[in-house]
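The working numbering numbers the first residue of the sequence shown as 23 and each following residue consecutively.
A quick write-up on the structure given underneath.
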Amino acid sequence: MKCEQRLSSGLVVKQDYGESVRAAFYQTEFEEFLYATEGGTIFITQFRGKVFGLTAKHIFASFSPNQLFITEEKQGKKGGKPAPITATMYPSSPTQAAEGSDIVDVCVIEFSPGMPTGFFRDTPYIVDENTVATSKRGNRLEVSGVLKEKSKIDPPDIHMAYCRLDFTDDGPHRSDPTLRRAIAEFACPGFSTLTGISGSPVFNVSLNALCGMVVRGGMTVRWTLLLGPQ
Numbered sequence: 023m024k025c026e027q028r029l030s031s032g033l034v035v036k037q038d039y040g041e042s043v044r045a046a047f048y049q050t051e052f053e054e055f056l057y058a059t060e061g062g063t064i065f066i067t068q069f070r071g072k073v074f075g076l077t078a079k080h081i082f083a084s085f086s087p088n089q090l091f092i093t094e095e096k097q098g099k100k101g102g103k104p105a106p107i108t109a110t111m112y113p114s115s116p117t118q119a120a121e122g123s124d125i126v127d128v129c130v131i132e133f134s135p136g137m138p139t140g141f142f143r144d145t146p147y148i149v150d151e152n153t154v155a156t157s158k159r160g161n162r163l164e165v166s167g168v169l170k171e172k173s174k175i176d177p178p179d180i181h182m183a184y185c186r187l188d189f190t191d192d193g194p195h196r197s198d199p200t201l202r203r204a205i206a207e208f209a210c211p212g213f214s215t216l217t218g219i220s221g222s223p224v225f226n227v228s229l230n231a232l233c234g235m236v237v238r239g240g241m242t243v244r245w246t247l248l249l250g251p252q
């Protein structure tokens with residue numbers, strides 16, 4: 023669902039953060055298993071007119087970021103080309119309260135200047151001081167990402183299972199100042215693990231703005247996410 027937002031310039035835009043997510047999967051050297059994934063979500067954003075990808079560094083696991091195959095559309099099509107990546111960047115020298123925190127798990131993906139204009143069509147989420155906010159306890163949150171358990175890579179069939187889940191802000195994390203907790207309870211969800219949503223954008227429905235990304239999550243009777251940075 024598109025939300026109407028007014029940028030700091032005064033321009034009013036309608037954007038759906040859920041259309042800005044992509045699955046993190048990789049091109050391998052094995053012809054019989056050309057593509058693989060360990061889960062993870064990439065968020066396509068636009069900041070000051072330039073397009074970037076945002077995700078969590080730990081999603082790469084045993085793969086190199088250079089192997090990422092980021093598709094033009096949410097579901098890649100046969101013959102599609104990956105977005106050309108120039109670099110992946112991480113916070114390198116956290117200080118004070120950020121030392122030892124999960125802020126170092128944030129990854130920014132820089133695309134090549136030669137990437138065609140409009141490669142991701144009109145889906146990058148515009149990051150502006152009016153389109154981001156800091157969440158508060160009790161705020162209603164939405165998470166849009168990929169569920170690895172429900173995704174399928176069996177060439178030539180590649181289908182990434184996207185989800186949009188509701189959570190409630192449960193306040194700051196007790197030991198990491200860069201994180202907040204989010205909780206939810208669902209009946210008969212149809213899946214048993216949250217693997218794959220690391221790197222997913224978190225949208226604050228109460229504030230109508232982006233408020234963070236998923237760092238990790240777990241499922242017991244109550245589902246808990248750790249969100250950062252705020």
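In this text, a Cβ means the ideal position worked out from N, Cα and C, and glycines have one as well.
TODO: Could you tell me whether the Cβ atoms of Val-236 and Val-165 are closer together than 8 angstroms?
DONE: yes
TODO: Please state if the CB of Tyr-39 and the CB of Lys-96 are separated by a distance shorter than 8 angstroms.
DONE: no
Open item on the list: Do Gly-75 and Ile-266 count as a contact pair if the criterion is CB distance below 8 angstroms?
Closed with: Residue 266 lies beyond the range of the chain shown here (23 to 252); nothing can be said about it.
TODO: Whole angstroms is fine: what's the gap from Phe-208's alpha carbon to Ser-228's?
DONE: 20 angstroms
- [ ] Give me the Cα-Cα distance between Arg-44 and Ile-92, rounded to the nearest whole angstrom.
- [x] 7 angstroms
Task: Gly-32 - containing beta strand (DSSP E), residue span - done: No beta strand (DSSP E) holds Gly-32; DSSP gives it neither H nor E.
Task: Lys-72: first and last residue of the uninterrupted beta strand (DSSP E) it sits in - done: 72-78
- [ ] Could you say if the region 142-150 and the region 108-127 meet the contact criterion of at least three C-beta pairs nearer than 8 angstroms?
- [x] no
- [ ] State the Cα-Cα distance for the pair Gln-87 and Ile-66, rounded to the nearest angstrom.
- [x] First, the residue type needs correcting, since residue 87 is Pro and not Gln in the sequence shown. Approximately 15 angstroms, taken between the alpha carbons.
Open item on the list: For a quick check, are the C-beta atoms of Gly-62 and Gly-193 less than 8 angstroms apart?
Closed with: no
Task: Span of the beta strand (DSSP E), counted from its first residue to its last, around Thr-67 - done: 63-69
- [ ] Go ahead and pull the three-state DSSP assignment for Lys-100.
- [x] coil
Task: Between the CA atoms of Asp-188 and Val-224 - distance to the nearest angstrom - done: 10 angstroms
Task: Straight-line gap, Phe-85 to Gly-32 (C-alpha atoms, nearest Å) - done: 42 angstroms
Task: Residue burial classification, Tyr-112 (beta-carbon count within 10 angstroms, cutoff 16) - done: exposed
Open item on the list: Do Leu-216 and Gly-239 have their beta-carbon atoms positioned less than 8 angstroms apart in this structure?
Closed with: yes
Task: Three-way DSSP call (helix, strand, coil) for Ile-81 in this model - done: helix
- [ ] Using the DSSP secondary-structure output, state which residues sit across from Ala-58 in a beta bridge.
- [x] Tyr-48
Open item on the list: Tell me the residue span of the beta strand (DSSP E) that contains Thr-190.
Closed with: 184-194
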